[in-house]
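Peer 1: Please read through the structure below; I'll follow up with questions.
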Amino acid sequence: MATRRDFLKVGATAAAGIVFCGCGLVHNANAQQSRQKLPVSVSDKRVKTIDIHSHCHFREAGALLGADAGKLQLPPVNGAIEAFVEIDKRLAAMDAQAVDMEVLSINPYWYDRDRELAGQIVKIQNEKLAELCASKPERFAAFASLTLQAPDLAVQELETAVRKQGLKGAAIGGGVNGVEFSDSRFHPVWAKAEELGVPLFIHPQGVPELNKRLSGNGWLGNTIGNPLETTIALSHLIFEGTLDRFPGLKVIAAHGGGYLPSYADRSDHPCLVGPKGCNPDVKLQKAPTEYLKQIYFDSLIFTPEAIRHLATQVGAGQIVLGSDYPYPWQLAPVDHIFACASLSDDDKANILGQTAAKLLGVAA
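Counted the way the numbering used here counts, the sequence shown spans residues 1284 to 1647.
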């Protein structure tokens, strides 16, 4: 079954060695033309729109997988045959979507590789991301890749990425080879991110333990698996006390945080209903739902009502614009926010870019 270990089989040459998965948007950037136009304004005030959830891939890094590269298939998305587009087409698509800046990230397909190979892949990706962002600083920022299966190396990579390469944080999966992010082996990485003041973007890879049950019609490994993995990852960070241990850690959760915000209040009850399922040695400093207000969530949920509920649950100031581009889940992310009548103009401005600008340390 195809998963989101994605866009590795390269079929075209692209500028500066970067390729973007087109997913049916190759032929005409206007296919996802936004009603909003650049420059975007809210209440007659210019807002820099920042999409924190967008993907790319570098040919040089994928090539290091050798014979295994061919085993990593594109997921079953529209336009997979026309998989890769050049940077000028990417910029045209951003203009059409009324997106000023994309924050690029690469889904971690290397966690199951050995330290040396994974480190080489990450090194290439971070160098290339830095080069691209430096060439178009007004249009692109990026989250670094990390060799999280080797936490000591990941700490070094994050330090280099932020302090020397100008990257704005790191993109991570939803766990590493079956180990949850709440595990103490990852504490040095979270401590470094907290020290640097940069966000970690959690992007799920599905739940491989459920592959059999999620097989069949509906691409359930992604449809259900991705938001489920984010829900699991965030819940462990909360219930194991990781967010208490690192109160300054900035976490951004993809896909609106999965299912957790939609059913969050159940999290406040398990230790009352079934106390034997809770560790008495883990003493949380506040109710589990309160931790949602220190996590950031992208806007990749599909209706104004979903945005309204998320804003009610976590606060509109914790939501940032996210599209999953070039995957065609949300073809008009800016319009999506303007369509939310429940949001105030200040809320819309924050979601469209002001909150992300503060998180990333870029001009709003």
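No residue lacks a Cβ here, since even glycine has one placed at the ideal position from N, Cα and C.
Since this is a predicted model, take the numbers as computed values, not measurements.
(1) Nearest-angstrom Cα distance between A1427 and P1616?
(2) With contact counted as at least three CB pairs below 8 Å, one residue from each stretch, are the stretch 1494-1503 and the stretch 1455-1474 in contact?
(3) Ends of the beta strand (DSSP E) at V1330?
(4) My assumption, with CB atoms under 8 Å, is that A1437 sits in contact with V1472. Please give the rounded CB distance.
(5) Could you have a look at A1640 and say whether DSSP puts it in helix, strand or coil?
(6) Where S1276 and L1614 are concerned, what is the direct C-alpha to C-alpha distance, given to the nearest angstrom?
(7) Taking the alpha helix (DSSP H) that P1510 belongs to, which residues open and close that run?
(8) Out of A1599, R1398, K1411 and L1483, state which residue places its alpha-carbon closest to the alpha-carbon of L1526.
(9) Are the stretch 1412-1420 and the stretch 1440-1454 touching by the rule of at least three beta carbon pairs closer than 8 Å?
(10) Can you list, in chain order, the residues of its chain with a C-beta nearer than 6 Å to that of A1632? Leave out the 5 residues immediately preceding and following it.
(11) Taking the alpha-carbon positions, what's the L1429 to I1404 distance?
(12) Determine the contact status of I1507 and A1536, defining contact as a CB-CB distance below 7 Å.
(13) Go ahead and pull the three-state DSSP assignment for H1592.
(14) In three-state terms, what does DSSP make of P1571?
(15) Strictly by DSSP, which residues pair up with V1386?
(16) Let me know if F1585 comes out buried or exposed under the rule of 16 or more other beta-carbons within 10 Å of its beta-carbon.
(17) Looking only at its chain, what residues have a beta carbon closer than 7 Å to the beta carbon of Y1542, apart from the 5 residues adjacent to it on each side?
(18) Determine, for K1475, whether the minimum Cβ-Cβ distance to residues of chain C falls below 7 Å.
(19) Quick check on this structure: which residue in L1387, I1335, Q1408 and G1560 has the alpha carbon closest to the alpha carbon of A1344?
(20) Go ahead and label V1459 buried or exposed: buried means 16 or more other beta carbons lie within 10 angstroms of its beta carbon, across all protein chains shown.
(21) Could you check whether V1445 and L1412 sit closer than 7 Å to each other, using their CB atoms as the reference points?
(22) Following the continuous alpha helix (DSSP H) through D1527, name the residue where it begins and the one where it ends.
(23) Kindly indicate which residue of L1635, H1519 and V1556 has the alpha-carbon position closest to the one of A1381.
(24) So for E1365, helix, strand or coil by DSSP?
(25) Can you tell me which residues form a DSSP beta bridge with L1547?
(26) With a Cβ-Cβ cutoff of 7 Å, do T1638 and V1603 count as a contact?
Peer 2: Working from what's here:
(1) 23 Å
(2) Below 8 Å, too few C-beta pairs join the stretch 1494-1503 and the stretch 1455-1474 to call them touching: fewer than three.
(3) K1328 to V1330
(4) Contact holds; Cβ gap of about 5 Å.
(5) helix
(6) A query on residue 1276 cannot be resolved here, the shown segment of the chain reaching from 1284 to 1647 and no further.
(7) G1508 to F1522
(8) Measuring C-alpha to C-alpha distances from L1526 to each of A1599, R1398, K1411 and L1483 identifies L1483 as the nearest.
(9) yes
(10) V1325 and V1330
(11) 9 Å
(12) no
(13) helix
(14) helix
(15) When DSSP reads this structure, V1386 sits in a beta bridge with A1424.
(16) exposed
(17) P1510, L1511 and T1514
(18) This model lacks chain C altogether, as it is built from one protein chain only.
(19) Q1408
(20) Its Cβ being crowded by 16 or more others within 10 Å, V1459 is buried.
(21) It is not a contact, given that the beta carbons lie outside the stated cut-off.
(22) T1525 to R1528 is the extent of the alpha helix (DSSP H) around D1527.
(23) The option with the nearest alpha carbon to A1381 is L1635.
(24) Per-residue confidence for E1365 stands at a pLDDT of 37, beneath the threshold of 50, marking its modelled position as unreliable; the derived number appears in the next sentence. Helix at E1365.
(25) The sequence shown places Ala at residue 1547, rather than the Leu named in the question. In DSSP, A1547 forms no bridge with anything.
(26) yes
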